[in-house]
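S.K.:
Protein chains in written order, with my numbering: chain A, 57 to 167; chain B, 2 to 108.
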């Protein structure tokens with residue numbers, strides 16, 4: 057399968073813990089996005105990479121969130137000191153142009 | 002910034018045709034894309050319009066009018082499996098999504 061891959065698919069963590077999610081994009085895509093989605097809402101933009109450069113970051117994104125894409129390949133999204141409000145589906149997408157192919161997402165539950 | 006408006010819910014009969022509209026505001030236009038998302042799943046890319054006109058992919062077609070900042074997704078020969086949420090999106094570095102249209106297909 058050469059689609060976008062995310063790991064883990066599900067994560068349950070206690071409030072205050074740090075979590076890290078991984079995304080492996082489609083190999084020939086240089087664009088990579090991270091989104092957050094809650095029930096009944098559209099995907100909310102978090103950040104964008106073109107190759108290894110993080111070119112855009114949502115102003116709504118707390119300093120507890122950080123993302124990396126070393127060597128322009130896979131990407132990680134880390135959330136520090138998780139809060140219950142961080143419970144959501146975290147989606148990664150990659151693209152060759154101005155649209156997106158999504159992975160299956162990581163569902164985060166903060167208890 | 003970017004914003005998109007689409008109807009929150011649409012209901013249609015199996016076998017019929019349904020149109021889901023999307024109007025947008027954006028400072029720089031890079032194309033309009035459409036996605037399908039079933040409950041519990043991730044969004045799936047359906048189509049992309051960079052230029053005015055109609056793009057057809059099987060039972061699905063998408064239309065764009067840049068002068069009107071408007072597009073729509075047309076689903077023909079509706080099937081029960083088409084029941085899902087549909088999102089339009091615009092942008093480039095910050096690809097922004099609408100809130101989605103929940104389509105219910107009834108027998």
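We put the CB at the ideal spot given by N, CA and C, even for glycine. Treat the numbers as computed from the prediction; the structure is a model and nothing was measured.
Could you give the distance in angstroms between the alpha-carbon of residue 30 of chain B and the alpha-carbon of residue 98 of chain B?
M.R.: Start at 1 with the first residue of the second chain, and residue 30 of chain B comes out as number 29. Start at 1 with the first residue of the second chain, and residue 98 of chain B comes out as number 97. Their backbone Cα atoms lie some 14 Å apart in a straight line.
S.K.: For residue 51 of chain B and residue 23 of chain B, what's the separation of their Cα atoms in angstroms?
M.R.: Within the second chain, the letter at position 50 stands for residue 51 of chain B. Within the second chain, the letter at position 22 stands for residue 23 of chain B. Rounded to whole angstroms, residue 51 of chain B to residue 23 of chain B spans 15 Å at the Cα level.
S.K.: Tell me whether the beta-carbon of residue 81 of chain A lies closer than 9 Å to the beta-carbon of residue 108 of chain A.
M.R.: On the first chain, residue 81 of chain A is found 25 positions in, with the first residue counted as 1. On the first chain, residue 108 of chain A is found 52 positions in, with the first residue counted as 1. No.
S.K.: Tell me the DSSP secondary structure of residue 63 of chain A in three-state form.
M.R.: Within the first chain, the letter at position 7 stands for residue 63 of chain A. Note: residue 63 of chain A maps to strand in three-state DSSP.
S.K.: Taking any Cβ of chain C, which residues in the stretch 26-37 of chain B have a Cβ under 7 Å from it, in chain order?
M.R.: No chain C is present in this structure, whose protein chains are A and B.
S.K.: With H, G and I counted as helix, E and B as strand and the rest as coil, what does DSSP make of residue 54 of chain B?
M.R.: Reading the second chain from its first residue, position 53 is the one you call residue 54 of chain B. Strand at residue 54 of chain B.
S.K.: Can you list, in chain order, the stretches of the beta strand (DSSP E) that have 3 or more residues and sit fully within the stretch 12-42 of chain B?
M.R.: Listed in chain order, they are 19-27 and 33-38.
S.K.: To the nearest angstrom, report how far apart residue 40 of chain B and residue 144 of chain A are at their CA atoms.
M.R.: Translated into positions along the second chain, residue 40 of chain B becomes position 39. Translated into positions along the first chain, residue 144 of chain A becomes position 88. Cα to Cα, residue 40 of chain B sits roughly 14 Å from residue 144 of chain A.
S.K.: Run through the DSSP bridge pairs and tell me what residue 91 of chain B is partnered with.
M.R.: Here residue 91 of chain B is taken as the residue at index 90 of the second chain, counted from 1. For residue 91 of chain B, which the question treats as bridged, DSSP gives the partners B:33 and B:97.
S.K.: Going by DSSP, what residue range makes up the beta strand (DSSP E) through residue 135 of chain A?
M.R.: As a working mapping, residue 135 of chain A is identified with position 79 in the first chain. Start and end: 131-135.
S.K.: Determine the DSSP secondary structure at residue 140 of chain A, reduced to helix, strand or coil.
M.R.: On the first chain, residue 140 of chain A is found 84 positions in, with the first residue counted as 1. The answer is helix: DSSP assigns residue 140 of chain A an H, G or I state.
S.K.: Using C-beta distances below 6 Å, list every residue in its chain close to residue 134 of chain A, excluding the 5 sequence neighbours before and after it, in chain order.
M.R.: Position 78 of the first chain, counted from the first residue, corresponds to residue 134 of chain A. Cβ within range, chain order: 76 and 122.
S.K.: Run through DSSP, which three-state label would residue 83 of chain B get?
M.R.: Locating residue 83 of chain B in the second chain gives position 82, where the first residue counts as 1. Of the three classes helix, strand and coil, the one that applies to residue 83 of chain B here is helix, per DSSP.
S.K.: Secondary structure at residue 70 of chain A, three-state DSSP: helix, strand or coil?
M.R.: Along the first chain, one-based indexing puts residue 70 of chain A at 14. Of the three classes helix, strand and coil, the one that applies to residue 70 of chain A here is coil, per DSSP.
S.K.: Find the nearest neighbour of residue 26 of chain B within the set B:64, B:86, B:91 and B:74, judged by alpha-carbon distance.
M.R.: Along the second chain, read from residue 1 onward, the residue named residue 26 of chain B stands at position 25. The residue with the shortest Cα to Cα distance from residue 26 of chain B is B:91.
S.K.: In terms of residue numbering, what span does the beta strand (DSSP E) encompassing residue 72 of chain B cover?
M.R.: Taking the second chain and counting its residues from 1, the one referred to as residue 72 of chain B is at position 71. Note, residue 72 of chain B: beta strand (DSSP E), 71-76.
S.K.: Can you have a look at residue 129 of chain A and say buried or exposed, based on whether 16 or more other CB atoms are within 10 angstroms of its CB?
M.R.: For the purposes of this step, residue 129 of chain A is identified with residue 73 of the first chain, where counting begins at 1. Under this definition residue 129 of chain A is an exposed residue.
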